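Engineer: The following block contains the structure, expressed as structure tokens.
Numbering (the numbering used here), first residue to last: 2 to 148.
See the structure below:
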């Protein structure tokens, strides 16, 4: 009823993956910044985390599994949003289930050229590793760093 951003609908998905438009598109970055800002507040995290489909869509988009190209700022904003949403237990469990631990380890193993991306990737991995399931998915070299 009060779904302002239509997180339970298709609005966010349609804006992050604009149809008949080449990507990256400025609309993607604007929406990613807005969602990241909303996720900065507790009530905003509650609102965003209430949508299972939005969380799955954000995960797939940041992992570039949706065949959508993103610019660096948009990618960083979505990663920061996921990190903020990872403060919620259910969101963490879904991210673990969607292989975010493996994706983050792979991303951090490569060359992370942007400090913003490095900070939020590391923070997200640490939040996910609060769960035994996530720690079991980490290579032993990463576990040594976490313990």
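Ideal placement from N, C-alpha and C gives every residue a C-beta, glycine not left out.
Computed from a prediction, not measured in an experiment: that's the story for all the values here.
From what residue to what residue does the alpha helix (DSSP H) around residue 45 run?
Structural biologist: For the purposes of this step, residue 45 is taken as the residue at position 44 of the chain shown. That run of the alpha helix (DSSP H) goes 43-50.
Engineer: Do you know how far the Cα of residue 126 is from the Cα of residue 11?
Structural biologist: Residue mapping note: residue 11 aligns to position 10 of the chain shown, counting from 1. Residue mapping note: residue 126 aligns to position 125 of the chain shown, counting from 1. So the two alpha carbons sit approximately 28 Å from each other.
Engineer: When burial is assigned at 16 or more other CB atoms within 10 Å of the CB, is residue 46 buried or exposed?
Structural biologist: Numbered from 1 along the chain shown, position 45 holds the residue referred to as residue 46. Its Cβ being crowded by 16 or more others within 10 Å, residue 46 is buried.
Engineer: Go ahead and label residue 82 buried or exposed: buried means 16 or more other beta carbons lie within 10 angstroms of its beta carbon, across all protein chains shown.
Structural biologist: Against the chain shown, residue 82 aligns to sequence position 81. Classification of residue 82: buried, given that the 10 Å Cβ count is 16 or more.
Engineer: On the three-state DSSP scale, how would you describe residue 13?
Structural biologist: The residue you call residue 13 lines up with position 12 of the chain shown. The answer is helix: DSSP assigns residue 13 an H, G or I state.
Engineer: For residue 76, count neighbouring C-beta atoms within 10 Å of its own C-beta (all shown protein chains included) and say buried if the count is 16 or more, exposed if not.
Structural biologist: Here residue 76 refers to the residue found at position 75 of the chain shown. Residue 76 sits buried, since 16 or more C-beta atoms from the chains shown fall within 10 Å of its C-beta.
Engineer: Pull up the distance between the alpha-carbon of residue 120 and that of residue 135, whole angstroms please.
Structural biologist: Along the chain shown, one-based indexing puts residue 120 at 119. Along the chain shown, one-based indexing puts residue 135 at 134. If I take the Cα positions, the gap works out to 19 Å.
Engineer: Using beta-carbon positions only, say whether residue 13 and residue 53 come within less than 8 Å of one another.
Structural biologist: Position 12 of the chain shown, counted from the first residue, corresponds to residue 13. Position 52 of the chain shown, counted from the first residue, corresponds to residue 53. No, these two residues do not count as a Cβ contact at 8 Å.
Engineer: To the nearest angstrom, how far is it from the Cα of residue 18 to the Cα of residue 32?
Structural biologist: Residue mapping note: residue 18 aligns to position 17 of the chain shown, counting from 1. Residue mapping note: residue 32 aligns to position 31 of the chain shown, counting from 1. If you draw a straight line from the Cα of residue 18 to the Cα of residue 32, it comes to about 11 Å.
Engineer: Residue 23: which of 4, 71, 110 and 93 sits nearest, CA to CA?
Structural biologist: Reading the chain shown from its first residue, position 22 is the one you call residue 23. With distances taken between Cα atoms, residue 23 lies closest to 71.
Engineer: Quick one, which of 138, 108 and 48 has its alpha-carbon nearest residue 8's?
Structural biologist: Taking the chain shown and counting its residues from 1, one reaches residue 8 at position 7. If we check each option's Cα against that of residue 8, 48 comes out closest.
Engineer: Give the range of the alpha helix (DSSP H) segment to which residue 77 is assigned.
Structural biologist: Within the chain shown, numbered from 1, the residue matching residue 77 stands at position 76. From DSSP, the alpha helix (DSSP H) with residue 77 extends over 73-86.
Engineer: Below 8 Å on the Cβ atoms is my guess for residue 129 versus residue 93; work out the distance and round it to an integer in Å.
Structural biologist: To locate residue 129, count along the chain shown from 1; it is residue 128. To locate residue 93, count along the chain shown from 1; it is residue 92. 6 Å between Cβ atoms; contact.
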